[in-house]
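J.: In the numbering used here, the protein residues as written are 5 to 280. C-beta atoms are modelled at their ideal positions from N, C-alpha and C, and glycine is treated no differently. First the structure, then my questions, so here it is.
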């Protein structure tokens, strides 16, 4: 399974949860525990690690480097730029080309990389022409500082516009069993050979409770609701590359094991048609 020309497994790891609290503002209090999770992910065969410069003001990228550098040749590191954090509560799209280029350089330093495998525009800045934002990433790609371009939280129209400027390897949007707002983007990505990377992939809400559709199918599989939700995503599209995050090694192992689950056609249809 590939993102662009990069071979990755079906389930990656999203490092955002390793920030210290729900604001994603500071480095984790239990640094050794966070490092252990990242290292265990690679031991389990995870080859797709996702972070961003906005997570803990760059400290999340530094944590990834501390845990995994020197990187195995087959480990793919994805990060994002284009969101400013002027305060603990604010996430502000900032897509000026000079800012994106600066942030990519800072990410390279923090990650201790010569090239970033996959670099996302974290959010489209409505104040800057999309062509200018993608153009900055295309320049970074031409300079050999990033290998592939990604976009996050975009519509089909924005994705098509971007692809007219430079190749796009991946889209990272909110998507899970309970929130399927981006169905059209999932389908468009699959049809055009673009990886779809859902963030918050395990949100299932009340449907994971006893008697709910996720819990029922999970019991049939001898799996957990979280594993079942991930199995549904993997069955939903061959372009799907979920990146569940966790601060727990046990939950990490559970999530990675979901790649081995197989839903029957009937089980998939039951989940797919559930009212969320």
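How far does the alpha helix (DSSP H) with residue 16 in it extend, from its first residue to its last?
T.: No alpha helix (DSSP H) holds residue 16; DSSP gives it neither H nor E.
J.: Closest to residue 120 by C-alpha separation, out of 233, 232, 153, 131, would be which residue?
T.: Measuring from the Cα of residue 120, the nearest candidate turns out to be 153.
J.: Would you grab the beta carbon distance between residue 108 and residue 85 for me? Rounded to a whole angstrom, and I think it's under 8 Å.
T.: Confirmed, Cβ separation roughly 6 Å.
J.: Sorted by chain position, which residues of the same chain lie with C-beta nearer than 8 Å to residue 249's C-beta, five sequence neighbours on each side aside?
T.: Hits under 8 Å: 17, 18, 19, 20, 21, 22.
J.: Hey, residue 202 and residue 233: beta-carbon distance below 8 Å or not?
T.: Taking 8 Å as the Cβ cut-off, residue 202 and residue 233 do not qualify as a contacting pair.
J.: According to DSSP, simplified to helix, strand and coil, what is residue 24?
T.: Residue 24 falls in the coil class under three-state DSSP.
J.: DSSP three-state label for residue 111, please.
T.: If DSSP states are grouped into helix, strand and coil, residue 111 belongs with the helices.
J.: Based on DSSP bridge pairs, tell me the residues matched to residue 94.
T.: BP columns for residue 94 are empty, so no partner.
J.: Would you mind sorting residue 96 into buried or exposed? The rule is 16 or more other CB atoms within 10 Å of its CB.
T.: Answer is exposed; the Cβ neighbour count stays below 16.
J.: Might you give, ordered along the chain, the residues of its own chain that have their beta carbon closer than 7 Å to the beta carbon of residue 70, omitting 5 neighbours on each side?
T.: 39.
J.: Can you have a look at residue 186 and say buried or exposed, based on whether 16 or more other CB atoms are within 10 angstroms of its CB?
T.: Under this definition residue 186 is a buried residue.
J.: Suppose the cutoff is 8 Å on Cβ atoms and the five residues either side in sequence are ignored; what does the same chain contact list for residue 162 look like?
T.: Cβ neighbours of residue 162 beyond the five flanking positions: 128, 134, 155.
J.: Since residue 245 and residue 7 are thought to touch, with beta carbons under 8 Å apart, how far apart are those beta carbons, to the nearest angstrom?
T.: That pair is a contact at about 6 Å.
J.: Touching or not, the stretch 75 to 94 and the stretch 37 to 56, by the rule of three or more beta carbon pairs under 8 Å?
T.: Contact between the stretch 75 to 94 and the stretch 37 to 56 is present, because at least three Cβ pairs lie under 8 Å.
J.: With respect to the beta strand (DSSP E) encompassing residue 126, which residues constitute its N-terminal and C-terminal limits?
T.: No beta strand (DSSP E) holds residue 126; DSSP gives it neither H nor E.
J.: Thinking C-beta only, is residue 175 closer than 8 Å to residue 150?
T.: Not a contact, by the Cβ cut-off of 8 Å.
J.: Would you mind listing the alpha helix (DSSP H) stretches within the stretch 136 to 176 that are 4+ residues and don't spill past its ends, in chain order?
T.: Taking only runs of at least 4 residues, the alpha helix (DSSP H) segments lying wholly in the stretch 136 to 176 are 160 to 167.
J.: Please work out which residues of its chain come closer than 7 Å, Cβ to Cβ, to residue 148, disregarding the five sequence neighbours upstream and downstream, and give them in chain order.
T.: 119.
J.: Who are the near neighbours of residue 165 in its chain, counting only those whose CB is closer than 6 Å to its CB and skipping five residues on each side?
T.: These residues qualify, in order along the chain: 134.
J.: Just the C-alpha distance for residue 258 and residue 14, rounded to the nearest angstrom, thanks.
T.: Distance between the alpha carbons of residue 258 and residue 14 is about 14 Å.
J.: Rounded to a whole number of angstroms, what is the C-alpha to C-alpha distance between residue 228 and residue 272?
T.: Their backbone Cα atoms lie some 15 Å apart in a straight line.
J.: Distance check for residue 11 and residue 78, CA to CA, integer angstroms please.
T.: Using only the alpha carbons, I get a separation of about 8 Å.
J.: If residue 190 and residue 241 are in contact, beta carbons under 8 Å, what's the gap, nearest whole angstrom?
T.: About 5 Å separates the two Cβ atoms, so the contact holds.
J.: Any chance you could list the alpha helix (DSSP H) runs of at least 4 consecutive residues sitting entirely within the stretch 207 to 276, in chain order?
T.: For the stretch 207 to 276, whole alpha helix (DSSP H) runs of length 4 or above, ordered along the chain, are 217 to 225, 229 to 240, 253 to 261, 269 to 276.
J.: In the DSSP assignment, what residue or residues form a beta bridge with residue 199?
T.: Answer is 174, bridged to residue 199.
J.: Report the partner residues of residue 88 according to the DSSP bridge assignment.
T.: BP columns for residue 88 point to 96.
J.: DSSP three-state label for residue 68, please.
T.: Residue 68 falls in the helix class under three-state DSSP.
J.: Grouping DSSP H, G and I as helix and E and B as strand, with all else coil, what is residue 191?
T.: In this structure, residue 191 counts as helix in the three-state DSSP scheme.
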